[in-house]
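Under full-length UniProt numbering, the sequence shown has 16 at position 16, and the numbering climbs by one with no breaks.
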Amino acid sequence: MTTLLLIDSSARQTGSHSRSLSRYFKDRWTQTFPDSRVISRDLAESELPHLDDNTIKAFYGLAEPGKERTPGVSKSDELIEEVMQADVICLASPMYNFSVSSLLKVWIDLVVRSGKTYRKVADGTLEGMCRGKTVVVLSSSGGLFSGSRMDHLCPYIDVVLGFMGITDVEHVMLEGMVHSDINHDESRASAHKAIDTFINAL
1 MTTLLLIDSS ARQTGSHSRS LSRYFKDRWT QTFPDSRVIS RDLAESELPH
51 LDDNTIKAFY GLAEPGKERT PGVSKSDELI EEVMQADVIC LASPMYNFSV
101 SSLLKVWIDL VVRSGKTYRK VADGTLEGMC RGKTVVVLSS SGGLFSGSRM
151 DHLCPYIDVV LGFMGITDVE HVMLEGMVHS DINHDESRAS AHKAIDTFIN
201 AL
């Protein structure tokens, strides 16, 4: 049975363009794969702990006795297990100040973890441990930034996923949503078509 991990990282519960894309994706997914398993992770409701000194020490086996199980370690284990169970990951991410939301950055800090999602191999190089997964990134922005030096969202996510061993990554972008000279309905329709194409190709 195929497992989908659906991640929402917008701080907004209403009026969010990235959430509208993820809702469309989930609807199309469940229609196409009714017997699949869907894990939903809303980062705005998850209260993820930021990294702290004890958690970082625990990640690298340097924690003092009795301090190995911090809230950050426990949540990291939970999030990593979701990633490992997933065959397909749908990551919905708005662009905030040219990059990902702080919610998504905390998720990344808890998921990119030595010995869990990447490891050092015999020759001393680092190797991702999440190979074989497919990711679609649903991003939204008020402006038009894709392909420019101001886009620190898509390239950053690609680097993070690649470091974890995930190289099968597709991007669906909904841009220019504050531009009055852009037909927003056409933009949404184009994004929906790209989602349909992605799902139908699986």
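Positions of the beta carbon are idealized from the N, C-alpha and C atoms, including for glycine.
Check, Outcome
"Range covered by the beta strand (DSSP E) that runs through Pro94", "88–94"
"Unbroken beta strand (DSSP E) run spanning Tyr118, endpoints", "118–120"
"Beta bridge counterpart(s) of Ser114 as assigned by DSSP", "Tyr118"
"DSSP three-state assignment for Leu153, whether helix, strand or coil", "coil"
"Start-to-end residues for the beta strand (DSSP E) that takes in Phe173", "In the sequence as displayed, the identity of residue 173 is Met instead of Phe. From DSSP, the beta strand (DSSP E) with Met173 extends over 168–174."
"Close-in-space but distant-in-sequence residues of the same chain around residue 227 (CB under 8 Å, 5 per side omitted)", "The structure shown has nothing for residue 227, since the chain only spans 1 to 202."
"Beta-carbon contacts of Ser76 that lie in its chain and below 8 Å, excluding the five residues immediately before and after", "Thr55, Phe59, Leu110, Val111, Arg113, Lys116"
"Start-to-end residues for the alpha helix (DSSP H) that takes in Ser74", "71–85"
"Rounded Cβ spacing between Ser101 and Ser93 (contact assumed at less than 8 Å)", "7 Å"
"Nearest candidate by alpha-carbon position, reference Tyr118, set Val160, Gln13, Glu47", "Val160"
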